[in-house]
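Report on the following structure.
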Amino acid sequence: MNKPRSKSANDAPAAPSGSIADLVTPASKRATESSPRDPKGKAASGRGLQDQLVRLGIMRDQDLVLHLPLRYEDHTRVVPLRALAPGMTTQAEGTVVNVDIQYRPRRQLVALIADGEERAADPQRAGQLILRFFHFYPNTQKALAPGKRVRVFGEVRDGHFGREIVHPQFKVIEPGAVLPDRLTPVYPTTAGLAQETLRKLTARALASEPASTAETLPDWLIARRHLWKFSDAVRFLHAPPPRLSQLTQHALDERTHPAWTRLKFDELVAQQLSLKAHRKARAAKRAPVLTGTGALTGALLARVPFKLTRAQERVWREIKFDLARTTPMQRLLQGDVGSGKTIVAALAALQAIESGRQVAFMAPTEILAEQHYRKLLQWLEGLPVQIAWLSGSLPAKQRKTALAAMESGDAMFAIGTHALFEDEVLLPRLGLAIVDEQHRFGVAQRLKLRGKAMGEAHQLMMSATPIPRTLAMTFYADLDVSALDELPPGRTPVATRLVSQKRRAEVVERVRRACAEGRQAYWVCPLIEESEKLELQTAVALHAELTATLGGQRRLSPSPDSTAWRPRREKVVSDPISVGLLHGRMKPDEKAAVMAGFVAGAVQVLVATTVIEVGVDVPNATLMAIEHAERFGLAQLHQLRGRVGRGAAESTCYLLFEEPLTDTAKARLKVIFENNDGFEIARQDLIIRGPGEFLGARQSGVPLLRFADLEKDVALIEQARDAADELLQRDPAAADAHLARWLGGKEEFIKA
Ligand code: ADP
Ligand code: MG
C-alpha cells in the first residue's frame, strides 16, 4: 500500500507549506499511478480531488486535521478463514485460488481465496472465503490473479457456497506484509473521493506539517482544565490504538473520550471568540441615533384602548434607550403568545420614524404580515405616517408602487413578508428592522438579515418561543434579550380539554352554542406532513362537513355514531352558522377576504390549517378545536391555542385525539394539557425534539457545530465561554491563531 513517493513528486520544488497544491499534487500522482485495484480511487485527477476536498470544507492541511473520522475499522489483525462467522466485520487474508466472471443470476466477479493447507479443497469447508463483486473494473480481475496473496475487509455472510464477503475492501500484499498497528479511520467523504485518498492525505498532514497540529491555546489555559494536548488529541482520533478497553471504546463512540473533549472544547472556544469578535465589530459600527420626539408614540399610546402592562413599559424603556444609542441594537423580545409584543414593536417603529428614519417590519407568513399591516393602518389612522405593504404575491403594478414609495422615502414604514429581504427592496433611510416570530424564518434568511443589507440599522427580533439555555450561551450570545413576562390583565387562562375523536359531536355542539352566544371559533385541520395535497383535501372535506352540520338550520341532536353523548331535554333551535375556510394554497386575496370576514365577525367558525398558527389575533374567538392534536408539535399546539383567550371571555381549547395513543403522544398531550406557560412547554419540547429544530437548521442544512453537541455538552459550553474571555484578555494573539485554525476559509460561525 505505502508505495515510495514517485521521483518526480520528490524532486518537485516545494510548494508553500499548507497550501492545497502541496496536498493535492503528490496525492493525485499516487492516485493515478497506483491502485488499479481500487475502482473508486482511480478517477481522481488533481483538479477533481481539489474540488472534492473543497466540497468537504477542506482548504488547508489544518482542515484535514480537523476532518475527523466517523468510525474505525480494525485492520490490525487477521482472522484465520476458518474462524470467520457470519455477521463479523473483519479482516482476513488468503491466496487466490481462482477467479472468474459469472453470469447467473447477474454478471459478477467471483474469487475464491484460501489460507494454509485447505487450498483448492471442497468449497464447503472452512478455511476458504468467496469474494463477490457486482461492480468491478476489468483490472479487478487481473489484480486477483490466482496465486496472489490478498488482505480483505468486510462483513462475512453465509452464501450458497460457503462464507463470503460481498464487495470487500481488498489489497494485494507480499506474503507476510506487516499489519498496521493502529485502527483505520473511516472519514465523512463525498462522491468519488476514496477513503484511501483521505487517509493518505490526512496521515501526511499529521506527519509532515507541524503547524497543523501546533498548540493554539496557551499552557495555563489547558493545564488547569486537564485537557489533552491538541496534537495528542488529533493523532489519537485519526488513528487510535487497537484493542481498546470497552470503556475507552464506548467513550470514543460516544465522543466523551478526552481526545474528543479537547476537540469540542476548541471548537466551542472558537465559536465564542467568533461571537465576541462579531459583537465587537458591531459595537464599532455607527447606527443612526433614534431619539424620537414622542409625538407619534404619544399619539399611539393615547389612542389604543388599553394601558401598557408593567412588562411592556419596562421592555419599551429598554428599546427606547437602545435606539437612542450609536451602537446598532440587536435585541430579542421574548414574550409568550398574547403577551402584547406588537404594540411594543409599533412604538419602536414610531420612535424611529419620528427621528426621520425608515422601518421595515417583517413577519414569516403572509397572513400574519397582512394582519400587522391592517392593525397598524388602524392604529396609525390620521397620523402622518405612510405605510407600504410588500409580499411575494403582490401584483407587479402595486409592487412597483410600493418599491418606489420605499425608495423615495415617501413610505417611512414598510410591512411585509420576507419579500422585504430581497435585493430589489431599497430603504435608503432604514433605521430599524423588526422581525416578528423570528425563529420561523430559516437560518439563511436570518443570516441575510444580519448581513450587509441591514448592516447599520437597529434590529428588533420577536419570538414567542424562549431560547433554550445552551443556545442563549452560544448562537444567541450576541443578542440582548428583553422578556415580556406578564400577560395583559383580564385574560382568563385558556381551559384545555382532551377529547377522543369518538366524542367529536360534543365539540361540534360546543361550537354551536358559542356561536349562538355571539362568540367565534377556530377549527384546526389535522396536520398531514407527508402530503400537502391530502392535507388540503382534508381541510376542504372538514369545511364541507362543518358547513353541513352547523350551516343548516336544524335541531340539536346527537350524532348517530355517538354513544357517549346524550341530547339535552330541551330542544334547541339555532341560526345557521357561517363557516369559513383558510388554507395555505388559497390566493392571497381569497385568504385576506376570509380573514377579514372572521375579524369582522361575519365568519363565525374558521376552518383552518396551521396557517393561523402564528400571531392571528381575533379576541372574540373563544373556542378552538384541534383535530388529531397528537400529530402536532408542542410548540405548535401552544401557538395554536394562543389564538384563543385573547379577550376577557373564558376560552376553551379542545384537543381531539385519535385512539389508541402511543406513550409518547400521551406524554406530549399531557404536557400541553398541564401547562399554560410557553417557557415550560418549550423546555419540554426541547427535550423531545432537540435544538436543531429551534434553530431551523433542518430546513437550511447548514451544520452548526461539527463536534460539540448543544444538549450534551452544556458544561463544556460554559467552560469554553470563560476560556474565551480569559484568552482575549491574557493572550489575544493566541485567540487569533485559534480562530484562524477553526474558521479557516469560512466566513464565520453561523449566527442564528
Ligand atoms: P403577541 O405577543 O402574541 O404578538 P399581540 O401583540 O398580538 O400578542 O397582543 C395580543 C392582544 O393583546 C392584542 O389584541 C393586543 O391588542 C392586546 N394587548 C396588547 N397589550 C395589551 C395591554 N397592555 N392590555 C390589554 N390588551 C393588550
Ligand atoms: Mg405576535
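Under the numbering used here, residues 783 to 1534 are what the sequence shown spells out, in order. C-beta: ideal position from N, C-alpha, C; glycine also.
Could you check what DSSP says for residue i in three-state terms: helix, strand or coil?
{"i": "residue 1203", "result": "helix"}
{"i": "residue 1525", "result": "helix"}
{"i": "residue 1010", "result": "coil"}
{"i": "residue 944", "result": "strand"}
{"i": "residue 1362", "result": "strand"}
{"i": "residue 856", "result": "coil"}
{"i": "residue 1341", "result": "Residue placement at residue 1341 is poorly supported in this model, since its pLDDT is 46, which falls under 50; the coordinates still yield a value, given next. Coil."}
{"i": "residue 840", "result": "coil"}
{"i": "residue 880", "result": "strand"}
{"i": "residue 1539", "result": "It is not possible to answer for residue 1539, since the shown part of the chain is limited to 783 through 1534."}
{"i": "residue 1434", "result": "strand"}
{"i": "residue 892", "result": "strand"}
{"i": "residue 1213", "result": "strand"}
{"i": "residue 1494", "result": "coil"}
{"i": "residue 1245", "result": "strand"}
{"i": "residue 1474", "result": "Reliability fails at residue 1474, whose pLDDT of 49 lies under 50, so the model's placement of it is uncertain and no value is given."}
{"i": "residue 933", "result": "strand"}
{"i": "residue 1450", "result": "helix"}
{"i": "residue 1255", "result": "helix"}
{"i": "residue 1515", "result": "helix"}
{"i": "residue 1139", "result": "coil"}
{"i": "residue 939", "result": "strand"}
{"i": "residue 1414", "result": "coil"}
{"i": "residue 1047", "result": "helix"}
{"i": "residue 1060", "result": "helix"}
{"i": "residue 1147", "result": "coil"}
Tell whether a beta-carbon distance below 8 Å holds between residue i and residue j.
{"i": "residue 1187", "j": "residue 1178", "result": "no"}
{"i": "residue 1145", "j": "residue 1204", "result": "no"}
{"i": "residue 843", "j": "residue 994", "result": "yes"}
{"i": "residue 911", "j": "residue 876", "result": "yes"}
{"i": "residue 1141", "j": "residue 1106", "result": "no"}
{"i": "residue 1007", "j": "residue 1511", "result": "no"}
{"i": "residue 1405", "j": "residue 1426", "result": "yes"}
{"i": "residue 753", "j": "residue 891", "result": "This structure does not reach residue 753, given that the chain is present from 783 up to 1534, and the question cannot be answered."}
{"i": "residue 964", "j": "residue 1022", "result": "yes"}
{"i": "residue 1276", "j": "residue 1458", "result": "yes"}
{"i": "residue 1424", "j": "residue 1120", "result": "yes"}
{"i": "residue 1364", "j": "residue 1394", "result": "yes"}
{"i": "residue 1429", "j": "residue 1118", "result": "no"}
{"i": "residue 1012", "j": "residue 991", "result": "no"}
{"i": "residue 931", "j": "residue 962", "result": "no"}
{"i": "residue 934", "j": "residue 873", "result": "yes"}
{"i": "residue 938", "j": "residue 947", "result": "yes"}
{"i": "residue 1068", "j": "residue 1124", "result": "no"}
{"i": "residue 1072", "j": "residue 1133", "result": "yes"}
{"i": "residue 1241", "j": "residue 1442", "result": "no"}
{"i": "residue 1362", "j": "residue 1381", "result": "no"}
{"i": "residue 895", "j": "residue 866", "result": "no"}
If contacts are defined as beta-carbon pairs under 8 Å, then residue i and residue j qualify, I think. What distance do you get, rounded to the angstrom?
{"i": "residue 1189", "j": "residue 1208", "result": "4 Å"}
{"i": "residue 1463", "j": "residue 1416", "result": "5 Å"}
{"i": "residue 1116", "j": "residue 1265", "result": "5 Å"}
{"i": "residue 1439", "j": "residue 1282", "result": "6 Å"}
{"i": "residue 1214", "j": "residue 1128", "result": "Not a contact, Cβ separation roughly 11 Å."}
{"i": "residue 1159", "j": "residue 1169", "result": "6 Å"}
{"i": "residue 1078", "j": "residue 1152", "result": "About 22 Å separates the two Cβ atoms, so there is no contact after all."}
{"i": "residue 1256", "j": "residue 1435", "result": "Not really, about 34 Å apart at Cβ, beyond 8 Å."}
{"i": "residue 837", "j": "residue 972", "result": "5 Å"}
{"i": "residue 1055", "j": "residue 1506", "result": "5 Å"}
{"i": "residue 1016", "j": "residue 847", "result": "5 Å"}
{"i": "residue 1524", "j": "residue 1035", "result": "With 8 Å as the limit, residue 1524 and residue 1035 do not qualify as a contact, their Cβ atoms being about 24 Å apart."}
{"i": "residue 1290", "j": "residue 1329", "result": "The pair is not a contact, with the Cβ atoms about 12 Å apart (cut-off 8 Å)."}
{"i": "residue 1247", "j": "residue 1492", "result": "With a Cβ gap of about 16 Å, residue 1247 and residue 1492 do not count as contacting."}
{"i": "residue 936", "j": "residue 951", "result": "6 Å"}
{"i": "residue 1268", "j": "residue 1064", "result": "The pair is not a contact, with the Cβ atoms about 30 Å apart (cut-off 8 Å)."}
Please report whether the beta-carbon of residue i lies at a distance below 8 Å from any beta-carbon of chain C.
{"i": "residue 876", "result": "No chain C is part of this structure, which consists of one protein chain only."}
Start-end ranges of the beta strand (DSSP E) lying completely within the stretch 1073-1122, minimum 3 residues: 1112-1117
Unbroken stretches of the beta strand (DSSP E), 3 residues or longer, contained in the stretch 1273-1318: 1277-1282, 1302-1306
Runs of alpha helix (DSSP H) lying entirely within the stretch 1164-1196, each at least 4 residues, in chain order: 1178-1190
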